[in-house]
Amino acid sequence: MSREKRWIERIKSLLILLLTVSAAFLAWKTGLFQRLMPEHEYEAPAEPTPGVSSYQVAAEPICAAVTGVPGLVYGVCYDDKAIREVMQEFRAVLGETLGSASLPVPVEESAWRDALLGPGVFLDYGMPVPLNVLACWIGTTADFSPDQQACRLLFALPEEDKVDLYYLDEQGRAFCCETLALGSTLYAGMNGFLPNGADFAMQIDTLQDCDPYALILRDLPRLYAVTASDEYSGTAVQTAADLFGIRLNAGSSFQEQEDTVYLAEEGRLRLEADGAIRYLSAEGNDLGGAESEEDRVELSRSLLARFSDVCGGIGDLQYAASQTEENSVTYRFDYRVSGIQVKLTSGSAGWAVFRDGRLVELGFRPRTYQITEERVHRIPPLQAAAASASIRNGSAPELIISDPGGDVLLEPVWILREGRG
Amino acid sequence: MDGGKLKSAVILILLLVNAAFGWILMTQRKNEADLQAQTRSELVMVMANMGVTMDESIIPRELTMLQYTLTRDMSLETALVRAFLGDAAGRDMGGSIHYYENENGRASFRNSGDFEIQVSLPGSSIENRLTENGLSLARDGDEFICLLDEREVYNCRIRLSAREEGSYRIYGRCLLGTLQPGKTIASLSSPTMILRFRDQAEETGKVFTEIRSIRSGYLLRPAVPAAELVPVWCIETDGGIWYADLEKGELLNEYIPN
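Protein chains in written order, with our numbering: chain A, 1 to 421; chain B, 1001 to 1258.
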């Protein structure tokens, strides 16, 4: 073959290669390959990993209200998504408010009432929460004294660029703090929450015997039945064993009444007949300690969250109460499902006992809650309050889920809550 | 058939195949363009039937944007303070509010990005001092618009207020911190976004009869531990300005009335 012919053949080969690549490219651009390739098999989404409890969820109240124009309220209760939207919108400025608050000054209840009816953001926690603990969960630090606890907080806008913090304690006493938070930031967030007909009970003529600061919604959010089970209790037991260094198969267990007790050098793990898992440190041992109350509460919450996380489901563990005795304090936690409190008939969902600042006992009742598609209808809050002939002395209707244990289907029900701060 | 003739035949076939695919692709592109143009003009008619006028040219093309997080950076904050005040001791006032003061003036910074500086200096030097310390800005009269990826951050503006004898108050909200890119957000199709916007706006009870412009940008959502910069559509109407999430078209709580 002559040299010239060889070059022509090489050019032809190159041209074939280029045209082949070009044809493949154009075929891909026209979508031909996608049509010819087999359909991908549908892959079901992986089972969601067990929830990772967040300290930010711990800061969520039971009810929240945003009052833009005086007297017109956007209120939300029993709806964790809506509560989360409110907290997400205002978290930064609430942190500034708590963190920069001056010394609380007692004020007349009338001052609290007037502030509540003016522009601001209202949070109802349903139980007394130490303000330093709340600040910690909102993501800041505060300088309140340990005995300053609030059931209800109000971030009020007395003037456009000023935020005052009001709160009611468990005894119903009102306090006010000046803060360095910017009112304009709070006000800007309020624009997006349009009034939805919610009122405080004191604004409703027919509810004058009711808790005056109970938030009464015009309608309830959609409610669904919930299943509850102990399906992950075994996993929770293993988690406890791993956490406390207990070897479950080591033969160091015995029966005590109806409970099974596992022994280790540093303590004992008791699996109680009602499903509770309780760890008690041996004399001279403990699970850690903390100087300040907010650190103790957060240590308790974060340890208990490890158990609630392995149980999965939609239950959130929330701070419920603290009990102080001689040299010990117990912090209790309960579940909340879709923003509705769960009352376990067997006791608290979780608890932590500190003695002289050291954690000596940790207990947990593993429960897994899942939402169903079964819709539940309940009368609206205003009707629930009006229909209750027992309303007196500042009581108020409250929606709860009562959980007797075992594998059950549960529905939220109205109860009458005693008056509180 | 010898090799040379075979190759020539293959080349001819490949040329025909390329021409065919090329023609299919051009037809597809033309059909898509025609369909988009038809969808746009029909959208304008549908909106007009609902009582809202809008020009076809303002309907944006679909796009992708990056989401960001912004973490407060104390070193950037102190650098900005030094640029305006010189050396000034800082104090934590609680709630992560930091306050600086010296003989030249004072400054405060917050987690939300809000800040304030009061200082005496030539007004003409203010913009340089801000931009030299990492802020990307565009001038808008007496205000500065904060920019991210050359797009406006709608709720971040820096304002100037002249006081007595060459003293200025510089205040507002800015992106002073460490930016971390997050996921890429693809926008909802524009017709779907506009119709969804109209339905959601109607539910709020706020009235408008004309959509004047639709632009892409960001909103800063202050949060702990890091703020989020959320890609949004800024929809300007004769009734006010709205912001809709780029990905799902959901209205955000940043409505600004006219």
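We put the beta carbon where it would ideally sit given N, CA and C, even for glycine.
Could you give the DSSP three-state label for residue i: helix, strand or coil?
i, result
"residue 319(A)", "strand"
"residue 1239(B)", "coil"
"residue 55(A)", "helix"
"residue 1174(B)", "coil"
"residue 1028(B)", "helix"
"residue 101(A)", "coil"
"residue 416(A)", "strand"
"residue 1206(B)", "coil"
"residue 127(A)", "strand"
"residue 244(A)", "helix"
"residue 50(A)", "In this predicted model, residue 50(A) has a pLDDT of only 40, less than 50, meaning its place in the structure is not dependable; the value taken from the coordinates is given anyway. It is coil, neither helix nor strand."
"residue 1039(B)", "helix"
"residue 4(A)", "helix"
"residue 1101(B)", "strand"
"residue 1054(B)", "strand"
"residue 1162(B)", "strand"
"residue 41(A)", "Because residue 41(A) sits at a pLDDT of 47, beneath the cut-off of 50, its placement in the model cannot be relied upon, and the point is left open."
"residue 83(A)", "helix"
"residue 1218(B)", "strand"
"residue 183(A)", "helix"
"residue 189(A)", "helix"
"residue 215(A)", "strand"
"residue 225(A)", "strand"
"residue 249(A)", "coil"
"residue 88(A)", "helix"
"residue 1017(B)", "helix"
"residue 148(A)", "coil"
"residue 1157(B)", "strand"
"residue 1065(B)", "strand"
"residue 960(B)", "There is no way to answer for residue 960(B), as the model of chain B reaches only from 1001 to 1258."
On a CA-only basis, which of the options is nearest residue i? Give me that one, please.
i, options, result
"residue 331(A)", "338(A), 362(A), 3(A)", "362(A)"
"residue 350(A)", "157(A), 300(A), 178(A)", "300(A)"
"residue 72(A)", "21(A), 218(A), 136(A)", "218(A)"
"residue 357(A)", "68(A), 367(A), 293(A), 316(A)", "293(A)"
"residue 341(A)", "373(A), 312(A), 398(A)", "398(A)"
"residue 245(A)", "22(A), 226(A), 281(A)", "281(A)"
"residue 168(A)", "184(A), 148(A), 162(A), 160(A)", "148(A)"
"residue 153(A)", "140(A), 144(A), 141(A), 116(A)", "116(A)"
"residue 403(A)", "336(A), 322(A), 111(A), 385(A)", "336(A)"
"residue 326(A)", "333(A), 355(A), 298(A)", "355(A)"
"residue 378(A)", "80(A), 103(A), 247(A), 222(A)", "222(A)"
"residue 353(A)", "366(A), 387(A), 370(A), 296(A)", "296(A)"
"residue 150(A)", "162(A), 133(A), 159(A)", "133(A)"
"residue 255(A)", "9(A), 102(A), 408(A), 273(A)", "273(A)"
"residue 413(A)", "86(A), 318(A), 381(A), 175(A)", "381(A)"
"residue 60(A)", "194(A), 184(A), 123(A), 29(A)", "123(A)"
"residue 1118(B)", "1251(B), 1169(B), 1198(B)", "1169(B)"
"residue 1135(B)", "1103(B), 1070(B), 1196(B), 1188(B)", "1070(B)"
"residue 387(A)", "287(A), 373(A), 209(A), 224(A)", "209(A)"
"residue 14(A)", "1017(B), 1008(B), 1019(B)", "1008(B)"
"residue 279(A)", "263(A), 196(A), 58(A)", "263(A)"
"residue 1044(B)", "1234(B), 1055(B), 1243(B)", "1055(B)"
"residue 426(A)", "270(A), 109(A), 373(A)", "Absent from the model: residue 426(A). The displayed extent of chain A is 1 to 421, so no value can be given."
Just checking my contact of residue i with residue j at CB under 8 Å: how many whole Å lie between their CB atoms?
i, j, result
"residue 1182(B)", "residue 1068(B)", "6 Å"
"residue 236(A)", "residue 277(A)", "6 Å"
"residue 1163(B)", "residue 1144(B)", "The pair is not a contact, with the Cβ atoms about 18 Å apart (cut-off 8 Å)."
"residue 1142(B)", "residue 1159(B)", "7 Å"
"residue 226(A)", "residue 78(A)", "12 Å between Cβ atoms; not a contact."
"residue 178(A)", "residue 102(A)", "5 Å"
Considering only heavy atoms of the ligand SAH, does any lie closer than 6 Å to the CB of residue i?
i, result
"residue 320(A)", "This structure does not include the ligand SAH; it has no bound ligands of any sort."
Output, in sequence order along the chain, the residues in the segment 173 to 194 of chain A whose CB is closer than 9 Å to any CB in chain B.
Answer set for the segment 173 to 194 of chain A: 179, 180, 181, 182, 184, 185, 188, 189, 190, 191, 192, 193, 194.
Could you check whether the segment 226 to 241 of chain A touches the segment 309 to 324 of chain A, counting it as contact only if at least three pairs of C-beta atoms, one from each stretch, sit closer than 8 Å?
Contact holds: three or more Cβ-Cβ distances are below 8 Å.
So if I threshold CB-CB distances at 7 Å, which residues from the segment 1099 to 1133 of chain B count as touching chain A?
Here the close residues are 1110, 1111, 1112, 1114.
Is the segment 82 to 99 of chain A touching the segment 1110 to 1118 of chain B, taking contact as three or more C-beta pairs under 8 Å?
The segment 82 to 99 of chain A, when compared against the segment 1110 to 1118 of chain B, does touch it at the 8 Å Cβ threshold.
Could you say if the segment 1019 to 1028 of chain B and the segment 1174 to 1181 of chain B meet the contact criterion of at least three C-beta pairs nearer than 8 Å?
Output reads no: the segment 1174 to 1181 of chain B does not touch the segment 1019 to 1028 of chain B.
Give me the subset of the segment 135 to 165 of chain A whose CB atoms are less than 9 Å from a CB atom of chain B, sorted by chain position.
Taking 9 Å as the Cβ-Cβ cut-off against chain B, the residues of the segment 135 to 165 of chain A that qualify are 135, 138, 139, 140, 141, 142, 143.
Three-pair Cβ contact test at 8 Å for the segment 1211 to 1219 of chain B versus the segment 1027 to 1045 of chain B
With a cut-off of 8 Å, the segment 1027 to 1045 of chain B and the segment 1211 to 1219 of chain B do not count as touching, because too few Cβ pairs lie within range.
Could you run through the segment 1010 to 1023 of chain B and flag, in chain order, every residue whose CB is less than 8 Å away from some CB of chain A?
Answer in chain order: 1010, 1011, 1014, 1015, 1017, 1018, 1021, 1022.
Against chain A: residues of the segment 1192 to 1212 of chain B by CB proximity under 7 Å:
Listed by position, the residues of the segment 1192 to 1212 of chain B near chain A (Cβ gap below 7 Å) are 1204.
Is the number of C-beta pairs between the segment 1054 to 1063 of chain B and the segment 1075 to 1086 of chain B that are closer than 8 Å three or more?
When Cβ pairs closer than 8 Å are counted between the two stretches, the segment 1054 to 1063 of chain B is seen not to touch the segment 1075 to 1086 of chain B, the count staying below three.
In chain order, what residues of the segment 52 to 82 of chain A put their CB closer than 9 Å to some CB of chain B?
Among the residues of the segment 52 to 82 of chain A, those with a Cβ less than 9 Å away from any Cβ of chain B are 56, in the order of the chain.
Does the segment 1225 to 1244 of chain B come close enough to the segment 1191 to 1202 of chain B to have 3 or more Cβ pairs within less than 8 Å?
Touching, per the Cβ criterion.
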